[in-house]
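>
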Amino acid sequence: MGDARKAYKAGKGAPTWIPPPVWEQLLNFWATDDSFKKLSSSGKKNRSSDNSGFGPSLHVGGSRSFGDHARKMAAEKGEEVTPSELYLATHQKKGEFVCPKAQNIYVSTINL
């Protein structure tokens, strides 16, 4: 649903899989519902948080959950993966951390 809303805002029109009367109701809801606006604003703020100057938290896990990643990695490896292995797999691309925040979190938790 979020993708359909983003596409509409980008000028691509309403999705064909949602009946026009329902789409109009959704547009009205998104534009006028205070609780939706509050949740949307809060989510946007949280996603772009700048924790200790390291910027937003990035990962390369896509839409798959971290649990799914762990199960897939365990199946490939033949044994359970450690939290450290999972973190590296979901926060590195070509052996490099995807952002300074990911690297800082990894280094600080390894040294606990």
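When the letters of the sequence shown are read in order and numbered with our numbering, they come out as residues 6 to 117. Note that CB positions come from ideal geometry on N, CA and C, so glycine has one too.
Residue 33 to residue 47, Cα distance in whole Å?
Going by the C-alpha atoms only, they are around 20 Å apart.
> Indicate the three-state DSSP secondary structure (helix, strand or coil) for residue 85 in the structure shown.
Coil.
> Within the continuous alpha helix (DSSP H) that includes residue 40, where are the two ends?
Segment 39–52, the alpha helix (DSSP H) holding residue 40.
> Go through the region 60–114 residue by residue and report every complete run of the alpha helix (DSSP H) that reaches 4 residues or more, in order.
As far as the region 60–114 is concerned, its whole alpha helix (DSSP H) runs of at least 4 residues are 71–82 and 88–96.
> According to the Cβ coordinates, are residue 24 and residue 12 closer than 9 Å?
No, the pair does not count as a contact, with Cβ atoms beyond the cut-off.
> Out of 94, 105 and 38, state which residue places its alpha-carbon closest to the alpha-carbon of residue 60.
If we check each option's Cα against that of residue 60, 105 comes out closest.
> Would you mind stating whether residue 107 and residue 63 have Cβ atoms separated by less than 9 Å?
Yes; because the gap between Cβ atoms is below 9 Å, this pair is in contact.
> Which same chain residues end up closer than 8 Å to residue 115 when comparing Cβ atoms and leaving out the 5 residues on each side of it in sequence?
Cβ neighbours of residue 115 beyond the five flanking positions: 89.
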